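*Asks:* Those letters in the sequence shown? Residues 0 to 418, per numbering that gives the first Met the number 0, in order.
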Amino acid sequence: MTRWTLPPGDIPSAWFNVAPHLPSPLQPPLHPATRDPLGPDDLAPLFPAAVIEQEMTQAPWIDVPGEVLDVLRLWRPTPLVRATGLEQALGTRARIYFKDESGSPAGSHKPNTAVAQAFYNAREGIRRLTTETGAGQWGAALAFACAQFDLKCMVYMVRASFEQKPYRRILMETWGGSVVPSPVDQPDHPGSLGTAISDAVRDAAGRDDTHYALGSVLNHVLLHQTLIGLEARQQLSLAGETLPDVVIAPCGGGSNLGGLSLPFVPDAGVRLVAVEPLSCPTLTQGRFDYDFGDTAGYTPLLPMYTLGHDFVPPSIHAGGLRYHGDSPLISALVRDGRMEAVAYPQGKVFEAAVQFARIEGRVAAPEAAHAIRAVIDEALAAEETGDEKVILFNYCGHGLLDLSAYDAYLQGQLPDERG
Ligand SMILES: *Cc1c(COP(=O)(O)O)cnc(C)c1O
């Protein structure tokens, strides 16, 4: 057996809330002008009540609404796969498993939260959602989810990606979304997730029929993603494993990493590892501080590792990992020593991605390839110490719409950034 699936009825019926399990309580987000702790009323212009509640709750489990499960069942539960070919090629005794989130309609983990957010907004009578997107994965996920609940979707897309990566724009438009390049008022600026968040928040704050949806970073987003880790737990036991020794995932804003790893936080012996690009080394080289989520300073101040809200990362191929900040939950776990972080230059990442494609067949999203790099290094290190490790990683998306990145690597034209 190298692949474990669960029946459609076995999607977990509740999300796992890590808040009560943190080594120290989360610091609250602060109002951008007054610097007072935010209350639910401050968030009401942007988010539905259920989501605001989830952002702040200490309840250990939160029920997944039936309407959300009905949509998730289009592709969930997702398979757990053992990468036996990779194990053999590396000559390792480590057992390497990955959770395959690439089979969702949008090709990544992002629809797990997009569907929940679209549902709660539609239930509150909201007609239109705005958001930002980098390479387009989140915008595509939200456009898909909005189509399921009959909402309009307005996506502000980082200009560099808008110009260089038309396919996800076409995907968003196919699902009925509208897409514009950001920053809207500076046509020569390449844009960043920070500028696009500013555009999307400004739009939503100005209209009563419109809310804003964020694809990562916030507590409720990581909460919605925990189905990944909860399913993986069940599947690992079907595979005859008790617990993984190490859980590895790429980290941009922290949602796929949180989704896979947060359910393992209470298991003290399980190592948790975040992998980030050396060109945007938030967790490995940033500082822990309150900072804005966007460039313009409209969003609340969040307690997180940050490179500074005016940091514009270079245009690397893993667009989803180009963010100056990080999830407060992930940041707190790293600060408190419960999670580790490593950073890799993109040349090493694509070397691993191509090796994985030739052995395992799957062409990974550049973001997922960061995890693959770290997994290979972890397996090789385990071999040196003679450990029989169980490694679990998140195959959080496929790379079939990122082939220009593979092309650049194969042509020897991928610049290696400096850290
Ligand atoms: C968006 C995205 C990421 C980065 O976002 P996180 O919130 O850190 O998960 C990583 N991988 C894929 C495939 C993505 O689409």
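Don't be surprised by glycine CBs; every beta carbon is placed ideally from N, CA and C. Bear in mind that the values here come from a model prediction, so they are computed numbers and not experimental data.
1) Indicate whether the contact test is met: 3 or more Cβ pairs, each with one atom in the region 178-193 and one in the region 20-32, closer than 8 Å.
2) Which residues mark the beginning and the end of the alpha helix (DSSP H) in which Trp-137 is found?
3) Please work out which residues of its chain come closer than 8 Å, Cβ to Cβ, to Ala-407, disregarding the five sequence neighbours upstream and downstream, and give them in chain order.
4) Which residue spans inside the region 175-237 form an unbroken beta strand (DSSP E) run of at least 3?
5) Hey, Val-70 and Val-114: beta-carbon distance below 8 Å or not?
6) Throw me the rounded Cβ distance for the Leu-235 and Tyr-394 pair, which I believe falls under 8 Å.
7) Taking the DSSP output, what are the residues bridged to Ser-314?
8) Mapping the DSSP letters down to three states, classify Arg-337 as helix, strand or coil.
9) Measure from the alpha carbon of Pro-7 to the alpha carbon of each residue in Thr-281, Leu-409, Pro-59, Leu-73, then state which is nearest.
10) For Tyr-408, which three-state DSSP category applies?
11) I think Pro-145 touches Ala-105, with their Cβ atoms under 8 Å apart; what is that distance to the nearest whole Å?
12) Using only the alpha-carbon positions, how far apart do Ala-82 and Val-264 sit?
13) With DSSP collapsed to three states, give me the class of Gly-307.
14) Is the beta carbon of Ala-195 less than 8 Å from the beta carbon of Met-171?
15) Flag this pair as yes or no: are the beta carbons of Gln-284 and Gly-257 separated by less than 8 Å?
16) Tell me whether Gly-418 sits in a helix, a strand or coil according to DSSP, three-state version.
17) Hey, His-30 and Asn-120: beta-carbon distance below 8 Å or not?
18) Which residues mark the beginning and the end of the alpha helix (DSSP H) in which Phe-161 is found?
*Replies:* From the atom records:
1) No: fewer than three Cβ pairs fall under 8 Å.
2) By 1-based counting over the sequence shown, the position of residue 137 is 138. Per DSSP, Trp-137 belongs to the alpha helix (DSSP H) from 136-147.
3) For the purposes of this step, residue 407 is taken as residue 408 along the sequence shown, with counting starting at 1. Same-chain partners within the cutoff: His-316, Leu-413.
4) 177-181, 209-211
5) Residue numbering aside, residue 70 sits at position 71 when the sequence shown is read from its first letter. Residue numbering aside, residue 114 sits at position 115 when the sequence shown is read from its first letter. Contact: yes.
6) Locating residue 235 in the sequence shown gives position 236, where the first residue counts as 1. Locating residue 394 in the sequence shown gives position 395, where the first residue counts as 1. At roughly 15 Å, the Cβ-Cβ gap does not stay under 8 Å, so Leu-235 and Tyr-394 are not in contact.
7) Residue mapping note: residue 314 aligns to position 315 of the sequence shown, counting from 1. DSSP, once it has assigned bridges, lists no residue as partnering Ser-314.
8) Start at 1 with the first residue of the sequence shown, and residue 337 comes out as number 338. Three-state result, Arg-337: coil.
9) Position 8 of the sequence shown, counted from the start, is the residue given in the question as residue 7. For the residues Thr-281, Leu-409, Pro-59, Leu-73, the minimum Cα distance to Pro-7 belongs to Leu-73.
10) The residue labelled residue 408 in the question sits at position 409 within the sequence shown. Helix.
11) Stepping through the sequence shown from its first residue, residue 145 is reached at position 146. Stepping through the sequence shown from its first residue, residue 105 is reached at position 106. According to the sequence shown, residue 145 is Cys rather than Pro. Rounded to whole angstroms, the Cβ separation of Cys-145 and Ala-105 is 12 Å, and the two are not in contact under 8 Å.
12) Position 83 of the sequence shown, counted from the first residue, corresponds to residue 82. Position 265 of the sequence shown, counted from the first residue, corresponds to residue 264. When rounded, the distance between both Cα atoms is 24 Å.
13) Stepping through the sequence shown from its first residue, residue 307 is reached at position 308. Gly-307 falls in the coil class under three-state DSSP.
14) By one-based count along the sequence shown, residue 195 stands at place 196. By one-based count along the sequence shown, residue 171 stands at place 172. The beta carbons of Ala-195 and Met-171 sit no closer together than 8 Å.
15) Taking the first residue of the sequence shown as position 1, residue 284 is located at position 285. Taking the first residue of the sequence shown as position 1, residue 257 is located at position 258. Not closer than 8 Å, so no.
16) One-based indexing of the sequence shown puts residue 418 at position 419. Because the pLDDT at Gly-418 is just 43, under 50, the model does not fix this residue reliably, and the point stays unresolved.
17) What you label residue 30 is simply residue 31 of the sequence shown in a count that begins at 1. What you label residue 120 is simply residue 121 of the sequence shown in a count that begins at 1. In this structure, Asn-120 does not lie closer than 8 Å to His-30 by Cβ.
18) For this step, residue 161 is matched to residue 162 along the sequence shown. Where Phe-161 is concerned, the enclosing alpha helix (DSSP H) stretches over 158-163.
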